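Read the structure below first, then the notes.
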Amino acid sequence: MLMKKGCPYGTHRVIEPKGTLPQPAWKIDNTMEIYDNEILIDVQTLNIDSASFTQIKEEAGGDVEKIKARMMEIVEERGKHHNPVTGSGGMLIGRVAQIGEKLKDRDLKVGDRIATLVSLSLTPLRIDKIKEVRPEIDQVDIEGQAILFESGIYAKLPDDMSDTLALAVLDVAGAPAQTAKLVKPGDTVLIIGAGGKSGMLCLHEAKKRAGVTGTVIGMGHSDASCNRIRELGLADIVLQGDATRPVEVLRMVEEATGGKQVDVTINCVNIPDTEMASILPTRDGGIIYFFSMATSFTKAALGAEGVGKDVIMIIGNGYTKDHAEIALHTLRENQKLKDIFERLYG
Numbered sequence: 303m304l305m306k307k308g309c310p311y312g313t314h315r316v317i318e319p320k321g322t323l324p325q326p327a328w329k330i331d332n333t334m335e336i337y338d339n340e341i342l343i344d345v346q347t348l349n350i351d352s353a354s355f356t357q358i359k360e361e362a363g364g365d366v367e368k369i370k371a372r373m374m375e376i377v378e379e380r381g382k383h384h385n386p387v388t389g390s391g392g393m394l395i396g397r398v399a400q401i402g403e404k405l406k407d408r409d410l411k412v413g414d415r416i417a418t419l420v421s422l423s424l425t426p427l428r429i430d431k432i433k434e435v436r437p438e439i440d441q442v443d444i445e446g447q448a449i450l451f452e453s454g455i456y457a458k459l460p461d462d463m464s465d466t467l468a469l470a471v472l473d474v475a476g477a478p479a480q481t482a483k484l485v486k487p488g489d490t491v492l493i494i495g496a497g498g499k500s501g502m503l504c505l506h507e508a509k510k511r512a513g514v515t516g517t518v519i520g521m522g523h524s525d526a527s528c529n530r531i532r533e534l535g536l537a538d539i540v541l542q543g544d545a546t547r548p549v550e551v552l553r554m555v556e557e558a559t560g561g562k563q564v565d566v567t568i569n570c571v572n573i574p575d576t577e578m579a580s581i582l583p584t585r586d587g588g589i590i591y592f593f594s595m596a597t598s599f600t601k602a603a604l605g606a607e608g609v610g611k612d613v614i615m616i617i618g619n620g621y622t623k624d625h626a627e628i629a630l631h632t633l634r635e636n637q638k639l640k641d642i643f644e645r646l647y648g
C-alpha cells in the first residue's frame, strides 16, 4: 500500500488549530497508520515530565486509578499526552514497529529499542491499557503505540543499564549537557533542586567543569533530597531551603559564600514560583538556566527587570547537541551517581 506523504515537522497530524505545529496544537491525529516519513513505536513505558506528573498526582489526590483515568482522558482529548495545566509532556521508550518508506536509509530497523528525545506534548500517542504506575519515579507502563516524526530525535537504548534507568536519565538529558556548556573553571554555581533527577546529573557536570577553583552549591528542599546531595559528595556547600522564598534563598547563599553572588544558577525544581530564588542570588552578568518545566517566562523576565538584574536567562532549552550521549556518559563516569540512580530508578 502506498504511504501518504507527510511534513517533516508533523503538521499533517494537526487537527486544531490548523496551521500550527504539533506541539502548540490543541489536538493532533493519533491514528496509527503511518505516513511515509514517520516511525511507528510499540510503547513500553512513558516517563511523564516531573512538573506534569506532580500536577496530575496532586489533582488525583495520589489515587493511582484517578491518575490512570486522567492520563487516558488527556490522550483521548488531545491525541497526545500534553498536560493542559503545565503545558508539558515527557518522553517514552519502546520498540520500532514500522518505518516509513522515506526513512528506510536511517540506522534503524524494526525491533530496535529506542527512547524518543522529543516531548510527549507533540507525539501522537494511543494508550490501549495502563499496566502500572510508578508515582515515585514518574514512570507509567502501558500497552499502546506512538508516532515519531521525521524531525524527531531518538536514542537507541544502551545495553549497559536497565531500560527504566536509561529512561530516567534520557528524560532529563538536556540538563547535564547544558550545564557542561555553561559552567567555566572557577565558577561559583548554585543548583536549585540538586537532589532530584536532573539536579544530581547537573551536580556532576558542574563540579567537573568548575574544577578545584570553583564552588558548587547544592540546594534541596527535603531532608531526603539534601541527604542525596551529601551522599554524592559533589557539592562544596549543601543548603536546605524553600525555593519559593527568594529572599531567604539569597540570604542563605550570601551567608555561605561570604556575601558573594553566584556566576551560574541552574534551576531543576518541578514546582512553580521559583524564578526569583534563581534570579536574586545570581550576579549581574551571570547566567541562569531554567531547566524546570514549571518556569514562567513572564515571571522570570519581569521579575529580573523588577529587581534591576542584568542576567542572561536560558529558559527550558532541553535539547543541545549530543545531549543523550553526554547524559548517559555522566552516569558511566560516576559510580556513586550510578548507584543512587539504580537505587531510585533501576
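Numbering follows our numbering, with no gaps: position 53 of the sequence shown is 355. Ideal placement from N, C-alpha and C gives every residue a C-beta, glycine not left out. In this text the structure is predicted, and so the values were computed from the model without any measurement.
For residue i, the three-state DSSP class (helix, strand or coil)
i: K640; result: helix
i: R547; result: coil
i: V485; result: coil
i: G561; result: coil
i: Q325; result: coil
i: I429; result: strand
i: D612; result: coil
i: L424; result: helix
i: T490; result: strand
i: D387; result: Note on residue identity: the sequence assigns Val, not Asp, to residue 387. Three-state DSSP puts V387 in coil, outside helix and strand.
i: D473; result: helix
i: T347; result: strand
i: T567; result: strand
i: E318; result: strand
i: H522; result: The sequence shown places Gly at residue 522, rather than the His named in the question. G522: strand per DSSP, three-state reduction.
i: E340; result: coil
i: T313; result: helix
i: E335; result: coil
i: I617; result: strand
i: I330; result: strand
i: T466; result: helix
Beta strand (DSSP E) segment containing residue i, residue limits
i: G446; result: Q441 to L450
i: K458; result: Y456 to K458
i: V540; result: I539 to Q542
Boundaries of the alpha helix (DSSP H) in which residue i is found, first to last residue
i: R585; result: No alpha helix (DSSP H) contains R585, which is instead part of the beta strand (DSSP E) from T584 to F592.
i: V377; result: V366 to R380
i: K499; result: K499 to A512
i: T356; result: S352 to E361
i: M578; result: E577 to I581
i: A626; result: H625 to E635
Closest residue to residue i among the options (Cα-Cα distance)
i: P460; options: L639, A362, R634 and R645; result: R634
i: G560; options: M502, A579, T490 and H523; result: T490
i: F451; options: V564, N332, L348 and S594; result: N332
i: E507; options: S527, I531 and A477; result: A477
i: L503; options: D440, Q563, C570 and D462; result: C570
i: I439; options: A470, A558 and D409; result: A470
i: T481; options: T356, I590 and A353; result: I590
Between the CA atoms of residue j and residue i - distance to the nearest angstrom
i: L534; j: T632; result: 13 Å
i: C309; j: T517; result: 47 Å
i: D525; j: K406; result: 51 Å
i: Y621; j: V474; result: 10 Å
i: P319; j: P326; result: 9 Å
i: D586; j: V613; result: 6 Å
i: T425; j: A448; result: 7 Å
i: V549; j: K486; result: 27 Å
i: K411; j: G402; result: 11 Å
i: L497; j: L541; result: A small fix is needed here, since residue 497 is Gly in this sequence, not Leu. The alpha-carbon atoms of G497 and L541 are separated by roughly 11 Å.
i: K433; j: D443; result: 5 Å
i: K499; j: R532; result: 15 Å
i: L646; j: D365; result: 21 Å
i: K382; j: I416; result: 19 Å
i: G392; j: Q441; result: 10 Å
i: A596; j: N385; result: 12 Å
i: A545; j: N572; result: 11 Å
i: T322; j: S453; result: 16 Å
Contact test: residue i Cβ vs the ligand PLP heavy atom, cutoff 7 Å
i: I376; result: Ligands in the displayed structure: none, and consequently the ligand PLP is not present.
Extract the residue ranges of the alpha helix (DSSP H) inside the segment 386-417, only unbroken runs of 4 or more that lie entirely within it. Listed in chain order, nothing qualifies, since the segment 386-417 has no complete alpha helix (DSSP H) run of 4 or more residues.
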